[in-house]
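The structure under discussion appears below in the form of structure tokens.
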Amino acid sequence: MPNTEKVDLRGAAATLLMTLYMRRVDARSRRPILGDPWAEPLWDRITHDVHGLWQFTGDVSAIACRAAILDRWTREFLSATPDGQVLHLGCGLDSRPLRVGVPPTCRWLDVDQPGVVDVRRRVYGDDLPDSVEQVPLDLTADDGWPALDADRPTLVVAEGLFMYLPGETVHGIVDRVVSGTPDATLAFDAAAPWTVRVSRWTPTFRAVGTEFRWAWDPAGFAHRHPELTERDDVSVYDEVSLREPRVWLRPLLSAAGHVPAMQDALRLHRFATG
Ligand SMILES: C[S@@+](CC[C@H](N)C(=O)[O-])C[C@H]1O[C@@H](n2cnc3c(N)ncnc32)[C@H](O)[C@@H]1O
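Listed below in structure tokens is the structure:
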């Protein structure tokens with residue numbers, strides 16, 4: 008196949024294929040939830056050897072809802088503070104900067120592991136605006152962080168990232184942002200503790216060599232970051248039961264959603280300083 012880039016990634020980096028695959032399935036559906044116009048063209052630009060992505064078909068609505076909510080929160084931030092600073096952590100091959108329309112006055116940093124940023128640069132070519140900086144950074148390392156602009160209100164948007172990191176890395180990222188910028192908002196998803204065990208038995212995760220490492224602990228997070236106030240706490244499952252394209256499934260999902268394990272499986276959080 009001409010003009011395609013080989014995506015040869017393993018470990019957590021390979022999971023960017025799973026989310027891109029699911030955004031593409033959503034975009035191709037008759038009633039898309041996210042409707043990412045970039046998912047299909049990006050998919051066509053890559054080749055990869057990770058098998059079994061179809062196993063995630065049942066998660067498409069959840070992943071599309073998650074992305075749609077984080078897009079909405081990002082647009083709200085950009086509209087209130089077009090000269091703000093956005094740290095798009097663990098960006099993978101996501102087209103969020105194109106979907107939300109980054110204003111030229113905004114400082115936007117796409118951050119991911121060096122191997123991923125290399126792929127991202129090659130796959131997007133000139134399609135990302137010059138104002139969107141690509142930052143190769145292993146978030147588990149202590150050094151290599153770009154200097155934050157303390158004068159700009161800052162949004163951290165981290166989608167499908169924190170569950171792959173050790174807890175101390177997640178807390179270290181929050182500490183770094185909160186101490187480096189007086190006006191910070193953090194928008195991220197977090198999975199329930201039971202999903203960590205399930206992730207160890209997910210065949211495609213096993214095949215690429217990854218698993219979840221960090222799970223949501225509301226009391227522990229609040230205790231560790233007293234300077235943050237929670238602005239939103241949304242069950243992705245609740246959103247799915249409202250927006251599932253197969254309308255006949257919605258009442259069933261809604262009923263199942265009363266099970267606490269489903270309610271808490273994946274939640275979106277928005278915290279802010281002050
Ligand atoms: C499930 S993918 C999500 C990608 C993207 N946010 C999306 O929604 O398509 C997880 C992403 O986290 C990134 N990631 C995992 N560990 C990382 C680390 N230590 N440093 C930087 N990025 C990391 C992976 O490289 C991958 O791109």
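Numbering (our numbering), first residue to last: 8 to 281.
Ideal placement from N, C-alpha and C gives every residue a C-beta, glycine not left out.
S68 sits in a helix when the DSSP states are folded into three classes. DSSP places L249 outside any beta strand (DSSP E); the residue lies instead in the alpha helix (DSSP H), whose first and last residues are 243 to 250. Residue side-chain check: L94 keeps its Cβ at 8 Å or more from all non-hydrogen atoms of ligand 1.
In this structure, G122 keeps its C-beta atom at 9 Å or more from the C-beta atom of T26. Within the same chain, and ignoring the five residues on either side of T147 in sequence, the residues whose Cβ sits closer than 6 Å to its Cβ are T176. Unbroken beta strand (DSSP E) runs of no fewer than 3 residues, entirely contained in the stretch 160 to 196, are found at 161 to 165, following chain order. Assigned with DSSP and collapsed to three states, A148 falls in coil, not helix or strand. With contacts defined by Cβ atoms closer than 9 Å, R106 and W45 form a contacting pair. Taking C-beta atoms under 8 Å as the contact rule, V118 and V139 fail to qualify, at a distance of about 11 Å.
The closest heavy atom of ligand 1 lies less than 8 Å from the beta carbon of A19. Rounded to the nearest angstrom, the Cβ distance from H232 to V181 is 6 Å, consistent with a contact under 8 Å.
Under the DSSP definition of a beta bridge, H95 partners with D117, V164.
If you look at R277, you'll find it in the beta strand (DSSP E) that goes 273 to 280. Minimum Cα-Cα distance from G174 among the listed residues A198, A191, W152 corresponds to A198.
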